[in-house]
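Read in my numbering, the sequence shown has 375 at position 352, and its numbers run on one by one without any break.
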Amino acid sequence: MRIIHISAECYPVAKAGGLGDVVGALPAYQNQKGHQAMVIMPKYDKEWIDDHLLSLEHSSRFIMGDKIYSYHIYKEVNDTLGFELFFVDIPGLLDRTGVYVDPSSGYSYWDEFERFLAFQIAAVDWLNSWHLKPDVVHCHDHHTGLIPFMMNHTFTYQNLRTIPSVLTIHNGQYQGNFEKGKAFFLPNHEPHMSGLLQWENKLNQLASAIKCAWAVTTVSPTYLKELSFSAKGLEPLLKQEQPKLHGILNGIDLRVWDPRIDPMLVQNYDFKTVKEGKLANKTYLAKRYNLDPTKPLVSFIGRLVGEKGADLLPDLIRSVLYKRNDINFIVLGTGDPMQEQTLDAMNASFPGRFKAILKYDESLAHKIYAGSDALLMPSRVEPCGLNQMYALRYGTIPIVRRVGGLNDTVIDFSLKGGTGVHFDNFSLYDAENAINRMMILFSQPKKCADLIKRAMKVDHSWERSADEYIHLYQSLNKS
Ligand code: ADP
């Protein structure tokens, strides 16, 4: 099948979170299965793009509102990522360093809507010029959410109406809500169809994609269930569109996330050498951040936002550190400035026992997955979560709140086949109790070693989920 993924992120070109990881991996796994998957993304001002050879494939123009924009499509010549990667270049709009956020202000770009709409129109305009049409157009999150509408209901692109479109909701919290007058910027469409762009009197890109895409997927089965009662206002819409919803669990990219070959680690290891390998990585972290390598190290990696439960971290870590002297913590993250400040201040309060590193650092994240004994994920909402799957692979015990994809990927160690530690309520008490349960587990070396080996052998690779997507695309092509 000819599969077109359209996304704002793709690792390692541009990544803000799990979306980047997914789009950087899924197409390669689909290609390994004999399909022809490719990715279309914006041509940002990124080092990766400068460092790779590109060829100009197509140039044209489109109208957005009352302006005409030129765009160019470039292809990465060597297919370095295991799939064809195309960049949409719109000078003045997309060629910026930030993906969503302007690094100089820390806030979203003022023309966020126009910027990503231009990207979407250019992508659709280019697809419209193809002689051989693709079998499916797969859109990811709200930044590509207007594409199914444009393919189905605009006059210029009516040739695309017969191509199935799929939306994957990586995070339903972010919907791309704007004043409904912004519809003026879209290509000409049937006026009676403009309701398909709206939800609750706003132009809502995610809602539009849920209405117009032929199928909608969420990144885990449990998240699909959770969205039916907690989707930031989209619950009735999801109920209405229920027959076309599917929960397909994300996988992990074993070309990038495998402790046996990961070039970012201080020492590589497999399940036979896990003890020494983890210790070498932990010793590196302990030296760098003045921690004690003989104590269990519990880490958090992620966006410091309410969704991830980042606001629980300061009180939780303080509470544990006040009560016990046999544990160390590392936090790696960026996000809410208040959270960053609080965690930064804690660096001075708990020297040698706690370290907050408030930046985005891919290489350090890999070392932390490898060097930690446990990874804490007290999420309020977790559509899938990749961190816990990386942790399992690196022999690091995930301590997770039983929500969304965390529920689908981690089994509590009290149960048969257990791979981690669960807690249910979003509370200091439950989270602290989970850490204490993990400490009891650590005091039983044989049980702990068995659990680590089991965790490392869990297969969360893309192999299985890539097939699920293919079956979905095939069913749409039959309908
Ligand atoms: P999200 O909701 O942020 O997309 P996921 O668990 O799906 O959450 O994916 C998060 C991805 O971002 C993981 O690859 C994680 O390692 C990475 N990540 C998050 N914050 C940081 C950081 N500060 N430094 C390095 N990597 C990070």
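Beta carbons are placed, not taken as given, at the ideal position from N, Cα and C, and that holds for glycine.
Query	Result
Roughly how many angstroms separate the alpha carbons of Ala236 and His269, rounded to a whole number?	13 Å
Verify whether the separation of the beta carbon atoms of Val239 and Glu264 is less than 8 Å.	yes
In angstroms with no decimal places, state the Cα-to-Cα distance between Met24 and His58.	5 Å
Tell me the DSSP secondary structure of Thr365 in three-state form.	helix
DSSP three-state label for Ala39, please.	coil
Which one of Lys469, Met461, Cys407, Ser484 has the shortest CA to CA distance from Pro244?	Cys407
Whole angstroms are fine: how far does the CA of Ser395 sit from the CA of Pro337?	19 Å
Run the CB neighbour count on Asn224, radius 10 Å, all protein chains shown included, and call it buried at 16 or more, exposed below.	exposed
Which stretch, first to last residue, makes up the beta strand (DSSP E) that contains Asn304?	Where Asn304 is concerned, there is no enclosing beta strand (DSSP E), although the alpha helix (DSSP H) it sits in stretches over 297 to 312.
Going by C-alpha distance, which of Pro50, Asp89, Trp280, Asp112 is nearest Glu80?	Asp112
Is the number of C-beta pairs between the region 225 to 234 and the region 176 to 186 that are closer than 8 Å three or more?	no
Give the DSSP bridge partners of Ser131, in chain order.	Val124
Given that a residue counts as buried once 16 or more other Cβ atoms are within 10 Å of its Cβ, and exposed if not, what is Glu249?	buried
Using a Cβ-based criterion (distance less than 7 Å to any ligand heavy atom), does Leu355 qualify as near the ligand ADP?	yes
Which residues in the same chain have their Cβ closer than 7 Å to the Cβ of Lys382, if we skip the five residues on either side of it in sequence?	Thr357
Out of curiosity, what's the CA-to-CA distance linking Asp359 and Tyr180?	41 Å
Looking at Asn430 and the ligand ADP, is the gap between the Cβ and the nearest heavy atom below 7 Å?	no
Does the ligand ADP have even one heavy atom less than 7 Å from the beta-carbon of Arg311?	no
Can you tell me whether Tyr52 is buried or exposed, with buried defined as 16 or more other CB within 10 angstroms of its CB?	buried
DSSP beta-bridge partners for Trp222?	Lys225
Sort Ala379, Ser372, Lys310 by Cα distance to Val354 and report the nearest one.	Ala379
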